[in-house]
Structure formats: C-alpha cells, structure tokens
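*Asks:*
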Amino acid sequence: MKKYSFLSVAMLASALIFSSCKQDELEIVSRPDDSTKPTVPNSTTPSDSLFSVNINARMEVGSVIYDTTAANIIITSWDKNNVAHEKEVEIGAGKSKVYLAKAHQKFRFKFLKWSVSNELTFTKEQLKEGDVISFGGKTTQKQLNSEEATIEVGGVVKPYSKTNYSYYASGLLKQIDYYLADASTSVLVMTYKTVYTYDDKGLLTKVEYFEADNKAFGSSILTYNANGKVATINEKKYDQTVIANFKYNLSNGVENITAEYAFDNGAKMSYAIKYKNGNIVEDIANGSTGGSESGKYEYDSNINPYAQMNLYSLFLTNLSKNNNIKLDKAFSGSIPSNIPYKFEYKYDANGYPTEFEKSFKTYTSNNHLFKIKTVYKY
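Per the UniProt record's numbering, the sequence shown starts with residue 1, numbered consecutively.
Spelled out as structure tokens, the structure:
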C-alpha cells in the first residue's frame, strides 16, 4: 500500500487551472468506512466502476497534534473527454475511505482546514486501490488574551465574570487576572490573580495566588516524572493544603491516569482519568467518606485554547485538546445543585472558539436554570 503526503508528492503533482472545472456530482462517489459519517453515498453506482483511496488529515497547532480532525476535501476528476467533475467530501476524524471513478484519467484533491491549504494531483496510473493520501500543515498557536462572560437567568442577561491573560516573551503563560460581577451593581471587580513560574525546560513548577490588593494567599508546587508528566502537586490556599500524587499507564491507545489526594483534615480521594486521542473521555472520583462522581465526555474536532496554554489545574481538567460538547455525569452522596447540559460554540477560521454558551439544569428534575455565555478574544 502506497502512502502519499503533501510534501512527498509535491514534485509530481500537476498544477491545474480552477476555471476549467465543471460541476458534476454523478461520477464521484464518497463512502467513508464504518468509523465515519457517510457523505452522500450513491448505492446505484456499480461497485466494479469504482476504486477507493484513504484520506486523512494531520494538523500541528503549536505543540499539539490534531490527527483525528474532520475536514473538507474538494475532489476534481477528469474523464476521457477531459471534462471535469467536482465533488466536496467531508472526511471524518481519522482515516476516511473515498471512492473514485475508475474510468477517469486524472484526480485533484484540495484540502482546506484552519487557513491551511494543500493541493495534490495524480494521474490514473499514480493512484491504486487502498493508497493513503495525507494532508495537513503547521500553524502557530493563538494566544488567548481575555474572556468575558454574561449570565442569563429568566431572560435577564447580566455581567458574570472576566479573565485577562498575560504572557512571557517566550509565549508561556505569565499571569491571570480574575474578575467577578458585584451582586448589587453588576460591576466587574477584580477578585484575585495567579502568577506562573517555569523551569528551564518550560515546565510549570509554581503557581502563586494573590488577592486583589496583592496579598499572597497560597501557592501550588508541581514536580514531574522522567517523561515530563506531572508527578506531584502540593497546593496550599489560606490554611488548607492538598497533596496529590499521579501515576500513568498506557494500554490499547488509552492513557490511564490515577491520582491520590490527601487533605490536611485527614480526608482522602482517589481519581482516575481515561485519556484517549488527546481528550479526557471518562473520569471517576471516590472520596474516603463514601461519595463519588463519574463522567463520560464527548468533544468536537476544533481547538481548545486552554490546552495550548499549559493552564494549571489540581485535577488536570485542562488536558483535552478539543472542546467538550457533551457530558454524562453521575453522583452518589453529595448531589450538585446544577449541572451543564448543553454546549454551543462559534469558531473562527483557525478552529478556535469565539463564543461559547453553556446551559445549566437541576440534576434531579432536569429543569433549565441559567445560561452562561463566554466571548473569547485572542
């Protein structure tokens, strides 16, 4: 099986004139494999008139690889009379199978994702059944400068919060300033800030917490294992201390992360995460007092800006490279007063969210309570 990439076939790919294309969707049939969503299959076309190739996309954004992202491919093919036939195909996350007409003489594949464009052209002789065509590119990460949120309750919208981010010259996160709306005036008031410190390898080693008047009220100290993953966290805020220890195990493409938390009041908690394709797909926490919380999560194929920032979290909640679009939570013992149930995003051309609306409901009765809308600026 041959495998083509944008770079490896750039020398043999022929340049074509776009104005010569003619719209016709009868001759190219796309039938992704069972792992992807079908895109306009035509079951009436005889199978012996087609052959298939596999297409995948791999994007590198900053230091994060997005190799399970969906993308659109425009396929143009030319028949024996040099008449162009064009079709747009949506390839799913991972590798998608695309069917092409055997009688056609030349094929062009045009890829566009997150402002990155690739184009490859093959003759009939250069493509064989089962060949893999790879697209992709590399872009720098966008820095999140601020986010501002409003809350809607009973049809009334009010300011809710604001967060400002600043960075070192190296691009690493330096400081976060947090604001909350005053309950009586709805004016955004700074409540506290966090300051980030790194080692010479760029690993976060310390987070310091300051009140609005710059009075320190705590810190988090992080250590790492030989693979550069968080090994321990010692977090102290005011008079409360938590010590966390993390272990990692990779099995069948799933990274299993286990953590043990010890609180200064004697309580303990165990926490387990299943991390797959760059996202937290399941987690479960069990407390020493008998309570537990578990979750299953689904994601879009776009960019989570927090994953690009090495944003600190005692529970490693910012590991996922994509944006959460669905969750299924279960609780025992203490029951929360509300949980999120609806996630709606708007994205820019580079795959980053510009707006995010999260709706909340009661856990027991499923009644809608409120909605928080966040606007991101980069």
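Quick reminder that beta carbons are idealized off the backbone N, C-alpha and C, glycines included. Remember, it's a predicted structure, so these values are computed and weren't measured experimentally.
(1) For Asn265 and Glu235, I'd like the C-alpha separation in whole angstroms.
(2) Given a cut-off of 8 Å, decide if Ser220 and Tyr312 are closer than it, judged by their beta-carbon atoms.
(3) Beta carbon of Lys358, beta carbon of Pro340: below 8 Å?
(4) CB-CB under 7 Å to Asn277, same chain, minus the five flanking residues each way: which ones, in chain order?
(5) Out of Ser170, Asn82, Lys128, state which residue places its alpha-carbon closest to the alpha-carbon of Asn54.
(6) Using the DSSP secondary-structure output, state which residues sit across from Glu125 in a beta bridge.
(7) Give a yes or no on whether the C-beta atoms belonging to Lys106 and Lys124 are separated by under 8 Å.
(8) Rounded to the nearest angstrom, how far is the Cβ of His104 from that of Ser77, given a contact under 8 Å?
(9) Might you give, ordered along the chain, the residues of its own chain that have their beta carbon closer than 6 Å to the beta carbon of Leu327, omitting 5 neighbours on each side?
(10) Which residue comes first and which comes last in the beta strand (DSSP E) that contains Leu369?
(11) How many angstroms separate the CA atom of Ser52 from the CA atom of Ile133?
(12) Determine the burial state of Pro38: buried for a count of at least 16 other Cβ atoms within 10 Å of its Cβ, exposed for fewer.
(13) Who pairs with Ala272 in a beta bridge, going by DSSP?
(14) Can you give the Cα-Cα distance for Lys193 and Ala212, rounded to whole angstroms?
(15) Give me the Cα-Cα distance between Asp177 and Asn164, rounded to the nearest whole angstrom.
(16) Straight-line CA distance for Thr362 to Pro336?
(17) Return yes when the Cβ of Tyr179 is within less than 8 Å of the Cβ of Leu172, no when it is not.
(18) Return the chain-ordered list of same chain residues with a C-beta closer than 6 Å to the C-beta of Phe356, the five sequence neighbours on each side being excluded.
(19) For the beta strand (DSSP E) containing Lys174, list its first residue and its last residue.
(20) Roughly how many angstroms lie between the CA atoms of Lys162 and Thr354, to the nearest whole one?
(21) Answer yes if the segment 89-100 comes into contact with the segment 138-152, meaning at least three C-beta pairs across the two stretches below 8 Å, and no otherwise.
(22) Flag this pair as yes or no: are the beta carbons of Tyr347 and Asn302 separated by less than 8 Å?
(23) For Gln126, collect the residues of the same chain with a Cβ closer than 6 Å to its Cβ; drop the 5 residues on either side in sequence, then sort them by chain order.
(24) Between the alpha carbons of Asn366 and Phe343, how many angstroms are there, rounded?
(25) Which one of Asn225, Gly154, Ser334, Ala70 has the shortest CA to CA distance from Leu369?
(26) Quick check on Phe111: buried or exposed, where buried means 16 or more other Cβ atoms within 10 Å of its Cβ?
(27) In this structure, how does DSSP classify Ala226 when only helix, strand and coil are distinguished?
(28) Exposed or buried, what is Leu319 when buried is set at 16 or more other beta-carbons lying within 10 Å of its beta-carbon?
(29) Which same chain residues, not among the five before or five after Pro305, have their C-beta less than 8 Å away from its C-beta?
(30) Count the other CB atoms, across all protein chains shown, that sit within 10 Å of the CB of Gln23; report buried if there are 16 or more and exposed otherwise.
(31) Leaving out five residues before and five after Thr364 in sequence, what residues of the same chain have Cβ atoms less than 8 Å from its Cβ?
(32) On the CB-based measure, 16 or more other CB atoms within 10 Å of its CB, does Leu250 come out buried or exposed?
(33) Going by beta carbon distance, what residues of the same chain come within less than 6 Å of Ser292, once the five residues before and after it are set aside?
(34) Here's the rule: buried if 16 or more other CB atoms are within 10 angstroms of the residue's CB, otherwise exposed. What is Ala216?
(35) Could you say which of Tyr299, Glu208, Asn338, Phe360 lies nearest to Gly218 if we only look at CA atoms?
*Replies:* Walking through what the data contain:
(1) Roughly 14 Å between the two C-alpha positions.
(2) Their beta carbons are under 8 Å apart, which means Tyr312 touches Ser220 by this criterion.
(3) Pro340 sits close to Lys358, with the two beta carbons spaced by under 8 Å.
(4) Hits under 7 Å: Thr68.
(5) The residue from Ser170, Asn82, Lys128 with its alpha-carbon nearest to that of Asn54 is Lys128.
(6) Paired residue(s): none; Glu125 is not in a bridge.
(7) Closer than 8 Å, so yes.
(8) Between His104 and Ser77, the beta carbon gap of about 4 Å places them in contact (Cβ cut-off 8 Å).
(9) Same-chain partners within the cutoff: Gly295, Tyr297.
(10) Looking at the DSSP string, the run of the beta strand (DSSP E) that includes Leu369 is 368-377.
(11) Near 11 Å, if we compare the C-alpha coordinates of Ile133 and Ser52.
(12) Its pLDDT being 34, under 50, Pro38 is placed unreliably in this model, and the value from its coordinates should be taken loosely. When all chains shown are included, Pro38 counts as exposed.
(13) Ala272 pairs with Thr258, Ile284.
(14) Rounded to whole angstroms, the gap between the alpha carbons of Lys193 and Ala212 is 7 Å.
(15) Rounded to whole angstroms, Asp177 to Asn164 spans 5 Å at the Cα level.
(16) The straight-line gap from Cα to Cα measures roughly 8 Å.
(17) Remark: C-beta atoms of Leu172 and Tyr179 do not approach each other more closely than 8 Å.
(18) Same-chain partners within the cutoff: Tyr345, Thr374.
(19) Boundaries of the beta strand (DSSP E) harbouring Lys174: 173-181, taken from the DSSP string.
(20) Using only the alpha carbons, I get a separation of about 15 Å.
(21) Contact between the segment 138-152 and the segment 89-100 is absent, because fewer than three Cβ pairs lie under 8 Å.
(22) Between Tyr347 and Asn302, the C-beta gap is smaller than 8 Å, which places the two residues in contact.
(23) Within the same chain, Gln126 has no close Cβ partners at all.
(24) Distance between Asn366 and Phe343, taken at the CA atoms: about 15 Å.
(25) Considering only Asn225, Gly154, Ser334, Ala70, the residue with the shortest C-alpha distance to Leu369 is Gly154.
(26) Answer is buried; the Cβ neighbour count reaches 16.
(27) In the structure shown, the three-state DSSP call for Ala226 is coil.
(28) Label assigned to Leu319: buried.
(29) Correct list, in chain order: Lys142, Leu144, Tyr352, Pro353, Tyr376, Tyr378.
(30) Here Gln23 scores only 33 on pLDDT, less than 50, and its place in the model should not be relied on; the value that follows carries that caveat. If you draw a 10 Å sphere on the C-beta of Gln23, you find fewer than 16 other C-beta atoms in it, and that means exposed.
(31) Answer for Thr364: Ile335, listed in chain order.
(32) It counts as exposed.
(33) Setting aside the 5 residues that flank it on each side, Ser292 is surrounded in the same chain by Asn286, Ser332, each with a C-beta closer than 6 Å to its C-beta; the list follows chain order.
(34) By the neighbour-count rule (16 or more Cβ atoms within 10 Å), Ala216 is not buried but exposed.
(35) With distances taken between Cα atoms, Gly218 lies closest to Glu208.
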